[in-house]
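Participant: In the working numbering, the protein residues as written are 1 to 408.
Cβ coordinates follow ideal geometry from the N, Cα and C atoms, glycine included.
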């Protein structure tokens, strides 16, 4: 398959940053239409339970739009009526996706019903415990939005991870199969209800595309969101397997909806939308969630930014290299630093436990940009101050920059 375009690594980086929404000024005020447009552009927001700073689905919007009311996202995700524009499903892991993409997930739900492409333990439960599944579905039908805790009949104390009750297994199977969806959340607990009571009728009545058509649609969304990417990059965005993605990519190239390209230094052929416009430069500064779609595919992050990133939450403390919850700091066209952060809400502090600069380091303007981002994040989270709890040389320079903007 001959490549028809060639990009330098800088050009590929600019394409990626622009596609991910890092190519414009942050608006003075963020309203629902701006938030929805950005999510449509990204295609999804990954959900994760870690709350060291803020839940991960809130951070990518802050990184691109600046301070905004988290109520806007809550309403888009879990309210009823016209304000609801998103739904929860398995996109790139657990995700929030635009309602318009609901039909594109129908094939995945159909596969889940037969035990395909879902966790082995969940597939086994769905095949062997249909009596429990039907009982739980009947309870949802009769009682409305329910959490797993309100249905559990287990008497022993639950453990961690897969130590779920039978009712929790049933709800997760029904969710994967599309027979229930997430109506809302209580704290961080999912509340499940029937799709017809949550998803707009206009969406549910749309004809479902077949598997191939839906997979092509997801790959096009991925190409739009990534700017440029290899086959692995594109299929990883919505967690497609190689057997599905490779023929669909070939079809999209043949149809002229995607074109192949080369990126300097990349061994694999890449793909992009036809006639991409490469920005002359990208000006942006942002602290990134570990689950941000710009960096969640770690091998792509290394290829694009020469930045090796691993989340160390589950690494024993004495073996951590950078810290417990480290946010990469994007400055203009490179990832320039790593910051280990914690929101200490009881004391009203955004605590900086470590700052690690990436070579060649941050100049004075870059360090000031980091200070401004930290101050903006603290304000957004309702925290009174930024506190440095580290002794590295970088921290001394950051302390000076914070003082320059009035954060003594």
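Please report the straight-line C-alpha distance between residue 257 and residue 89, rounded to a whole angstrom.
Facilitator: Counting from 1 along the chain shown, the entry for residue 257 is found at position 257. Counting from 1 along the chain shown, the entry for residue 89 is found at position 89. Roughly 26 Å between the two C-alpha positions.
Participant: Using DSSP's beta-bridge definition, name the partner residues of residue 342.
Facilitator: Reading the chain shown from its first residue, position 342 is the one you call residue 342. DSSP output for residue 342 lists 351 as bridge partner(s).
Participant: If contact is defined by three or more beta carbon pairs under 8 Å, each pair taking one atom from either stretch, is the stretch 309 to 326 in contact with the stretch 289 to 299?
Facilitator: yes
Participant: For residue 190, which residues does DSSP report across the bridge?
Facilitator: Your numbering for residue 190 matches position 190 in the chain shown. Answer by DSSP bridge pairing, in chain order: 185.
Participant: Let me make sure I understand the geometry here. Which of 358, 360, 350, 359 has the alpha-carbon closest to that of residue 371?
Facilitator: The residue you call residue 371 lines up with position 371 of the chain shown. Taking only the C-alpha atoms, the option nearest residue 371 is 350.
Participant: Indicate whether residue 389 and residue 355 have their beta-carbon atoms separated by less than 8 Å.
Facilitator: The count along the chain shown starts at 1 and reaches residue 389 at position 389. The count along the chain shown starts at 1 and reaches residue 355 at position 355. No, the pair does not count as a contact, with Cβ atoms beyond the cut-off.
Participant: Helix, strand or coil for residue 88? Go by DSSP, reduced to three states.
Facilitator: In the chain shown, residue 88 corresponds to position 88, counting from 1. Residue 88: strand per DSSP, three-state reduction.
Participant: For residue 42, verify whether its CB is less than 7 Å away from any heavy atom of the ligand MN.
Facilitator: The ligand MN is not part of the structure shown, which contains no ligands of any sort.
Participant: Do residue 122 and residue 92 have their C-beta atoms within less than 8 Å of each other?
Facilitator: The count along the chain shown starts at 1 and reaches residue 122 at position 122. The count along the chain shown starts at 1 and reaches residue 92 at position 92. Contact: no.
Participant: For residue 329, which residues does DSSP report across the bridge?
Facilitator: Locating residue 329 in the chain shown gives position 329, counting from the first residue. In the DSSP output, where bridge partners are listed per residue, residue 329 has 287, 337.
Participant: Under DSSP, the beta strand (DSSP E) around residue 127 begins and ends at which residues?
Facilitator: Mapped onto the chain shown, residue 127 falls at position 127. Careful: residue 127 lies outside any beta strand (DSSP E), inside the alpha helix (DSSP H) at 120 to 128.
Participant: Can you tell me which of the three DSSP states residue 159 falls into?
Facilitator: Looking up residue 159 in the chain shown gives position 159. Residue placement at residue 159 is poorly supported in this model, since its pLDDT is 43, which falls under 50; the coordinates are not used for a value here.
Participant: Closer than 6 Å by C-beta to residue 169: which residues in its own chain qualify, once you throw out the five before and the five after it? Chain order, please.
Facilitator: For this step, residue 169 is matched to residue 169 along the chain shown. Cβ within range, chain order: 125.
Participant: Could you check the C-alpha separation between residue 333 and residue 315 for me, to the nearest Å?
Facilitator: Position 333 of the chain shown, counted from the first residue, corresponds to residue 333. Position 315 of the chain shown, counted from the first residue, corresponds to residue 315. Cα to Cα, the separation comes out at about 29 Å.
Participant: Is the stretch 320 to 338 touching the stretch 275 to 288 in the sense that three or more CB pairs, one from each, lie closer than 8 Å?
Facilitator: The stretch 275 to 288 makes contact with the stretch 320 to 338: 3 or more CB pairs, one atom from each, lie closer than 8 Å.
Participant: State the DSSP-derived secondary structure class of residue 356, mapped to helix, strand or coil.
Facilitator: Mapped onto the chain shown, residue 356 falls at position 356. Three-state DSSP puts residue 356 in a strand.
Participant: Nearest-angstrom Cα distance between residue 114 and residue 171?
Facilitator: Mapped onto the chain shown, residue 114 falls at position 114. Mapped onto the chain shown, residue 171 falls at position 171. Their backbone Cα atoms lie some 16 Å apart in a straight line.
Participant: Apart from the five residues on each side of it in sequence, which residues of its chain come closer than 8 Å, Cβ to Cβ, to residue 10?
Facilitator: To locate residue 10, count along the chain shown from 1; it is residue 10. Once the five neighbours on either side are set aside, the close Cβ partners of residue 10 are 333.
Participant: Can you check DSSP and say which residues form a bridge with residue 229?
Facilitator: Here the question's residue 229 lines up with position 229 in the chain shown. Paired residues: 271.
Participant: Tell me which residues share the same chain as residue 357 and place their Cβ nearer than 6 Å to its Cβ, disregarding the 5 neighbours each side in the sequence.
Facilitator: Translated into positions along the chain shown, residue 357 becomes position 357. If you ignore the 5 residues before and after residue 357, its C-beta comes within less than 6 Å of the C-beta of 337, 394, all in its own chain and listed in chain order.
Participant: By Cβ distance, which residues of its chain are closer than 6 Å to residue 221, with the 5 residues on each side in sequence left out?
Facilitator: If you number the chain shown from 1, residue 221 lands on position 221. Excluding positions up to five away in sequence, the list reads 43.
Participant: Any Cβ of chain B within less than 8 Å of the Cβ of residue 79?
Facilitator: In the structure shown, chain B cannot be found, because there is only a single protein chain.
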